[in-house]
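Numbering (numbering that gives the first Met the number 0), first residue to last: 0 to 444. Built from N, CA and C at the ideal position, the CB exists for glycine as well. What you are looking at is a predicted structure, and each value in this text was computed from that prediction instead of being measured. Okay, structure first, notes after.
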Amino acid sequence: MNAKPAAVPAKSELEAFWMPFTANRQFKANPRLLARAEGMHYWTAEGRRILDAVAGLWCVNAGHGRREIADAVAAQLATMEFAPTFQMGHPAAFELANRLAAIAPPGLDRIFFTNSGSESVDTALKIAIAYQRARGQASRFRVIGREKGYHGVGFGGISVGGIVNNRKFFAASMLPGVDHLPHTLSLEHNAFSRGLPQWGAHLANELERLIALHDASTIAAVIVEPISGSAGVILPPVGYLKRLREICDKHDILLIFDEVITGFGRIGSPFAAQAFEVTPDLMTTAKGLTNGAIPMGAVFAARKIYDAFMQGPEQTIELFHGYTYSAHPAACAAALATLDIYAREGLLTRAAELAPRMEEAVHSLRGLPGVIDTRNCGLIGAVELEPRSGRPGSRGYDVFLKCFERGVMVRQTGDIIALSPPLIVEPAQLATIAEVLGGAIRDTA
Ligand SMILES: Cc1ncc(COP(=O)(O)O)c(C=O)c1O
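Okay, here's the thing in structure tokens:
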């Protein structure tokens with residue numbers, strides 16, 4: 000079913016590809032090449048089997064090698080490889096929007112298609128700002144993000160994001176008027192919490208401080224990840240997101256949830272908004288939408304936002320925004336097949352059943368040398384390691400590498416190891432992941 004093992008390229012053949020978010024020279028000196036995948040596993044180009052503890056990159060939620068998705072994409076490409084969605088349409092795009100609206104949080108039933116999480120974020124920011132203008136509040140141009148937030152790599156996303164390495168080179172080119180809430184990670188108060196931490200809901204009140212500083216009449220929207228993934232798994236304290244929602248409502252500010260990693264079942268509901276019972280006005284998604292098979296993103300908008308644009312002469316293009324590949328037919332086919340799998344196999348709620356096993360696995364690592372925190376929610380887990388003096392990130396990298404050598408792929412962010420396995424993971428595989436990770440932590444201490 001899968002392709003035969005690939006030929007391993009010579010080192011000299013690795014130069015042309017400028018790899019994203021990669022230490023290129025380090026990687027090319029000691030490459031890790033994946034050649035095929037099925038179920039919970041990858042196989043390296045040398046034929047070694049690797050247990051995937053991160054769903055590729057938080058996206059392969061239904062596991063690898065899903066024949067139904069490949070067949071749907073092949074059939075679509077054979078029928079019609081491309082159709083524009085500017086002043087034209089094709090049936091699968093409308094079908095997919097309806098299917099997504101049906102699993103969305105209440106009222107978020109207007110869907111704008113993109114090709115990635117970054118594009119979803121920049122689209123949502125543009126919709127938020129344009130919405131304020133459309134309803135006669137053009138003075139609301141500011142967007143509030145959060146420290147340590149990751150919202151992709153577009154100029155909008157890095158402006159509201161709060162990861163210094165993504166920002167420092169581009170400081171002069173950022174969106175104007177952006178401010179940031181404090182992040183909610185506190186080892187002092189919340190280390191080794193099981194599930195959502197109890198301390199920290201009051202940090203949402205910092206939004207009132209920013210509103211007092213800038214005035215609500217200048218603020219279009221607040222954007223946060225319900226759970227930050229890329230910054231190393233930062234969980235919302237109990238009550239925090241509800242408080243943010245209340246403050247936004249009080250001041251008529253839009254709330255955007257970036258659900259690029261939490262969307263499509265990661266914490267036991269289709270979206271984190273449902274799991275946390277907080278409904279945003281806009282929601283950004285990508286990754287799990289197509290099981291990672293074809294690039295695609297989607298922005299979910301509240302009806303009131305869409306309706307605010309639907310005024311003026313009918314021949315007017317209401318929103319000057321879109322991508323050539325918005326609702327690409329092959330991506331729509333992949334997404335529809337993915338949603339079928341999710342529904343048939345109950346995957347959008349499976350993380351709720353497995354959460355206790357994930358919790359057990361992650362917290363079994365408490366007490367190992369250098370482990371300063373373990374945290375979890377749904378099928379997300381993280382282990383934070385004490386940084387080595389003067390060499391931040393080196394310990395995390397060594398653990399990541401050791402795990403890979405021993406057949407488990409984890410994700411490293413600095414000295415934090417993140418786990419987000421496909422939602423088809425079996426409890427025994429969660430135990431294996433913890434065992435291999437624990438061994439790697441011990442052996443690199
Ligand atoms: C919360 C969040 N937003 C946006 C993105 C960017 O997505 P992409 O890499 O598809 O542009 C990511 C990627 O990890 C993410 O975690």
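Can you tell me the Cα-Cα spacing of residue i and residue j, whole angstroms?
| i | j | result |
| --- | --- | --- |
| I126 | A354 | 35 Å |
| L400 | N23 | 15 Å |
| T183 | P235 | 7 Å |
| G32 | K10 | Correcting the residue type first, residue 32 is Leu in the shown sequence and not Gly. Straight-line Cα distance between these residues: approximately 12 Å. |
| T43 | A342 | 31 Å |
| R265 | P328 | 26 Å |
| E383 | A137 | 43 Å |
| W198 | S192 | 10 Å |
| A307 | F140 | 17 Å |
| L13 | F26 | 10 Å |
| D257 | G38 | 27 Å |
| R242 | R48 | 45 Å |
| A96 | V142 | 27 Å |
| P312 | G392 | 56 Å |
| I68 | L206 | 43 Å |
| G156 | A171 | 15 Å |
| P426 | S268 | 19 Å |
| P83 | A211 | 45 Å |
| R374 | A351 | 16 Å |
| G89 | P386 | Here residue 89 is His; the residue named in the question, Gly, does not match the sequence. Each residue's Cα considered, the two are about 52 Å apart. |
| A333 | K286 | 12 Å |
| F85 | A433 | 48 Å |
| D251 | E359 | 41 Å |
| P279 | L240 | 10 Å |
| L338 | C376 | 23 Å |
| T412 | Y149 | 12 Å |
| G380 | I371 | 14 Å |
For residue i, count neighbouring Cβ atoms within 10 angstroms of its own Cβ and tell me buried if that reaches 16, exposed if not.
| i | result |
| --- | --- |
| T21 | exposed |
| G62 | buried |
| M79 | exposed |
| W17 | exposed |
| N290 | buried |
| T450 | Residue coverage of the chain in this structure runs from 0 to 444, which leaves residue 450 outside it and unanswerable. |
| P104 | buried |
| R65 | buried |
| G228 | buried |
| N204 | exposed |
| K167 | exposed |
| S388 | exposed |
| F111 | buried |
Return yes when at least one heavy atom of ligand 1 lies under 7 Å from the C-beta of residue i, else no.
| i | result |
| --- | --- |
| I260 | yes |
| H327 | no |
| A285 | yes |
| G116 | yes |
| G176 | no |
| H182 | no |
| E224 | yes |
| H150 | yes |
| D121 | no |
| W57 | yes |
| S393 | no |
| G155 | no |
| G406 | no |
| D257 | yes |
| S419 | no |
| S158 | no |
| G380 | no |
| S229 | yes |
Using a Cβ-Cβ cut-off of 7 Å (strictly less than) and excluding sequence neighbours within five positions of residue i, which residues of its own chain qualify?
| i | result |
| --- | --- |
| L367 | G437, I440 and R441 |
| D108 | A100 and R302 |
| N114 | P294, M295, G296, Y322 and Y324 |
Residues in its own chain within less than 6 Å of residue i by CB, not counting five upstream and five downstream?
| i | result |
| --- | --- |
| E118 | G296 |
| M0 | Note that M0 has pLDDT 45, beneath the 50 cutoff, so the model's placement of it is unreliable and the number below is only indicative. The answer is none, since no qualifying residue turns up. |
| S216 | S138 |
| N189 | P196 and W198 |
For residue i, which residues from the same chain have a beta carbon less than 8 Å from its beta carbon, with the 5 sequence-adjacent residues on both sides left out?
| i | result |
| --- | --- |
| T443 | R394, D397, V398 and K401 |
| V237 | L195, P196, Q197 and A200 |
| V53 | M408, V409, R410, A417, L418, S419 and P420 |
| E146 | G161, H179, L180, P181 and H182 |
| M309 | E317 |
Give the DSSP bridge partners of residue i, in chain order.
| i | result |
| --- | --- |
| R145 | L180 |
| W17 | Partner(s): none; W17 has no beta bridge. |
| F299 | I110 and M282 |
| Y41 | A36 and I49 |
| Q25 | Beta-bridge pairing links Q25 to no other residue. |
| V382 | T373 and I416 |
| S227 | I233 |
Under 7 Å: does the beta carbon of residue i sit that close to some heavy atom of ligand 3?
| i | result |
| --- | --- |
| V259 | You won't find ligand 3 in this model; what it holds is ligand 1. |
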